[in-house]
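S.K.:
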Amino acid sequence: MPELPEVETVKAGLAPVMEGQVIVRADVNRPDLRWPFPDAMAARLTGTRVLGLRRRSKYILADLDSGETLLIHLGMSGRMLISGHQVGAFHHPHPAPAKHDHVVLYMANGARITFNDARRFGAMDLLPTHRQDDHWLIRDLGPEPLGNSFHAPYLIARLKGRKTPIKSALLDQRVVAGLGNIYVCEVLFRAGIHPARKSDRISADRIAGLVPLVRDVLGEAIAAGGSSLRDYRQADGELGYFQHVFQVYGRDGAACLTPRCEKKIQRIVQAGRSSFFCPQCQR
DNA sequence: ATGGGGGCCTGCCGGC
DNA sequence: TGCCGGCAGGCCCCCA
Numbered sequence: 007m008p009e010l011p012e013v014e015t016v017k018a019g020l021a022p023v024m025e026g027q028v029i030v031r032a033d034v035n036r037p038d039l040r041w042p043f044p045d046a047m048a049a050r051l052t053g054t055r056v057l058g059l060r061r062r063s064k065y066i067l068a069d070l071d072s073g074e075t076l077l078i079h080l081g082m083s084g085r086m087l088i089s090g091h092q093v094g095a096f097h098h099p100h101p102a103p104a105k106h107d108h109v110v111l112y113m114a115n116g117a118r119i120t121f122n123d124a125r126r127f128g129a130m131d132l133l134p135t136h137r138q139d140d141h142w143l144i145r146d147l148g149p150e151p152l153g154n155s156f157h158a159p160y161l162i163a164r165l166k167g168r169k170t171p172i173k174s175a176l177l178d179q180r181v182v183a184g185l186g187n188i189y190v191c192e193v194l195f196r197a198g199i200h201p202a203r204k205s206d207r208i209s210a211d212r213i214a215g216l217v218p219l220v221r222d223v224l225g226e227a228i229a230a231g232g233s234s235l236r237d238y239r240q241a242d243g244e245l246g247y248f249q250h251v252f253q254v255y256g257r258d259g260a261a262c263l264t265p266r267c268e269k270k271i272q273r274i275v276q277a278g279r280s281s282f283f284c285p286q287c288q289r
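The number in the numbering used here is simply the position in the first sequence, starting from 1, with 6 added.
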């Protein structure tokens with residue numbers, strides 16, 4: 007259930023087995039995931055060479071030598087399994103077909119990429135590479151949180167006058183692209199800001215302070231993912247799921263980790279999503 | 001324009 | 001052991 011760091015980790019794991027390789031066969035086992043697959047997706051993938059993999063927000067983009075780009079979104083439960091490739095002296099065997107294996111890509115180097123997604127909130131689409139920014143899923147995305155255009159003046163201006171709770175604002179992909187529920191909770195804890203606080207009731211200085219915290223939280227998670235990636239690939243070829251220590255997420259009722267804070271982490275529901283926070287440390 | 005809620009799917013976990 | 005409600009990290013759409 008990937009946010010930006012998990013998607014980055016999956017992309018990094020796919021790159022060595024996909025980049026430069028020809029897709030010799032594509033099995034598309036159902037007509038859709040969250041949305042219908044594009045017409046003739048299997049045929050349009052077959053025989054193309056993957057020039058490179060990129061990430062935009064939570065989307066993985068595979069540029070093909072056909073002039074099209076394969077867009078992949080993992081949704082909530084999407085997983086990528088790599089098999090049939092060599093890691094050091096170890097060769098991953100191909101697994102038996104599993105429930106919810108929706109798309110399988112066969113690479114010329116013998117690697118097989120299986121997209122498995124139980125809840126089918128994931129997506130795949132094909133778009134013209136040179137017009138990728140026009141795609142309806144990409145078009146309205148805000149800046150990359152780790153990129154140069156996400157900075158304090160931008161965030162201050164973007165939140166100015168907005169009465170929406172800061173939690174909702176940071177989850178809004180038009181404000182900043184790639185943050186999800188977990189990392190927003192973690193960022194707000196580090197910032198000492200209550201998730202229900204209205205955006206226009208936060209000082210410019212505190213808004214500015216969110217920018218480096220977003221970068222820190224995501225950067226640390228990506229580093230953790232990178233270090234666990236080797237382990238996962240040697241274990242079973244599955245990408246994107248790694249243990250990461252959260253300070254508030256999922257810790258409802260547990261002790262706040264701030265030194266000398268006696269309070270317990272609380273859970274509230276905002277816009278249908280759980281928020282976890284410390285009522286003492288976050289105001 | 002903006003914010004809140006519903007819905008999409010399946011699986012898992014805890015309580016009875 | 002089985003059933004049931006609640007919950008899940010994303011995202012779009014509709015409504016007030």
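C-beta atoms are modelled at their ideal positions from N, C-alpha and C, and glycine is treated no differently.
(1) Can you name the residues that DSSP bridges to H97?
(2) Work out the CA separation of T264 and R207 for me, nearest whole Å.
(3) For the structure I just gave you, are there three or more beta carbon pairs, one from the segment 197-214 and one from the segment 273-282, closer than 8 Å?
(4) Nearest to R3 by alpha carbon, out of Y255, R279 and I144?
(5) How about G128 and G84: do their beta carbons lie closer than 8 Å?
(6) Between the segment 170-178 and the segment 131-141, do three or more beta carbon pairs fall short of 8 Å?
(7) Residues bridged to I78 by DSSP?
(8) With a cut-off of 8 Å on the beta carbons, I'd call R31 and Y112 a contact; round off their distance for me.
(9) Between P11 and the rest of its own chain, which residues show a CB-CB distance below 6 Å, the 5 nearest in sequence each way excluded?
(10) Look at the alpha carbon of F121 and the alpha carbon of P103, and state the distance between them as a whole number of angstroms.
(11) Based on Cα-Cα distance, which residue from G278, G153 and T75 lies nearest to M130?
(12) Evaluate P99 with the Cβ neighbour count: other Cβ atoms within 10 Å of its Cβ, from every protein chain shown; 16 or more gives buried, anything less gives exposed.
(13) Tell me whether H79 is buried or exposed, calling it buried when 16 or more other Cβ atoms sit within 10 Å of its Cβ.
(14) Just to confirm my understanding: we take L67, look at its own chain, exclude 5 residues before and 5 after, and list those with CB closer than 8 Å. What are they?
(15) Quick check: what's the CA-CA separation for V251 versus V193?
(16) Can you tell me where the beta strand (DSSP E) holding V109 begins and where it ends?
(17) Hey, out of S281, G278, D258 and S280, whose CA is closest to K270's CA?
(18) By DSSP, does K169 sit in helix, in strand, or in coil?
(19) Alpha carbon to alpha carbon, what distance is there between R212 and M82?
(20) With DSSP collapsed to three states, give me the class of P8.
(21) Classify R55 as helix, strand or coil using the three-state DSSP reduction.
(22) Going by DSSP, which residues form a beta bridge with K204?
(23) Taking a contact to mean a Cβ-Cβ separation below 8 Å, would you say V220 touches P151 in this structure?
M.R.: Put simply:
(1) As a position in the first sequence, residue 97 is number 91, starting the count at 1. DSSP output for H97 lists Q92 as bridge partner(s).
(2) Here residue 207 corresponds to residue number 201 of the first sequence, with the count starting at 1. Here residue 264 corresponds to residue number 258 of the first sequence, with the count starting at 1. Distance between the alpha carbons of R207 and T264: 24 Å.
(3) yes
(4) Here the chain comprises residues numbered 7 to 289, so residue 3 is not present and cannot be evaluated.
(5) Within the first sequence, residue 128 is the residue found at index 122, counting from 1. Within the first sequence, residue 84 is the residue found at index 78, counting from 1. Cβ atoms of G128 and G84: closer than 8 Å.
(6) no
(7) Within the first sequence, numbered from 1, the residue matching residue 78 stands at position 72. I66 and M130.
(8) Indexing the first sequence from 1 puts residue 31 at position 25. Indexing the first sequence from 1 puts residue 112 at position 106. Confirmed, about 4 Å.
(9) Mapped onto the first sequence, residue 11 falls at position 5. Answer for P11: L224, A227, I228 and G231, listed in chain order.
(10) Locating residue 121 in the first sequence gives position 115, where the first residue counts as 1. Locating residue 103 in the first sequence gives position 97, where the first residue counts as 1. Cα to Cα, F121 sits roughly 11 Å from P103.
(11) Working through the first sequence from its first residue, we reach residue 130 at position 124. For the residues G278, G153 and T75, the minimum Cα distance to M130 belongs to T75.
(12) Position 93 of the first sequence holds residue 99. P99 comes out exposed.
(13) Your numbering for residue 79 matches position 73 in the first sequence. It counts as buried.
(14) For this step, residue 67 is matched to residue 61 along the first sequence. Hits under 8 Å: L59, R60, R61, T75, L76, L77, I78 and Q138.
(15) Position 245 of the first sequence, counted from the start, is the residue given in the question as residue 251. Position 187 of the first sequence, counted from the start, is the residue given in the question as residue 193. Cα-Cα distance, rounded: 13 Å.
(16) Taking the first residue of the first sequence as position 1, residue 109 is located at position 103. Segment D107 to M113, the beta strand (DSSP E) holding V109.
(17) For this step, residue 270 is matched to residue 264 along the first sequence. Looking at the Cα atoms, D258 is the closest of the given residues.
(18) Counted from its first residue, the first sequence places residue 169 at position 163. Here K169 sits in coil by DSSP.
(19) As a position in the first sequence, residue 82 is number 76, starting the count at 1. As a position in the first sequence, residue 212 is number 206, starting the count at 1. Their backbone Cα atoms lie some 31 Å apart in a straight line.
(20) For the purposes of this step, residue 8 is taken as the residue at position 2 of the first sequence. In the structure shown, P8 sits in coil (DSSP, three-state: anything other than H, G, I, E or B).
(21) Numbered from its first residue, the first sequence carries residue 55 at position 49. Looking at R55 - three-state DSSP - the assignment turns out to be strand.
(22) To locate residue 204, count along the first sequence from 1; it is residue 198. Within the DSSP secondary-structure output, K204 pairs in a beta bridge with P171.
(23) Here the question's residue 220 lines up with position 214 in the first sequence. Here the question's residue 151 lines up with position 145 in the first sequence. Contact: yes.
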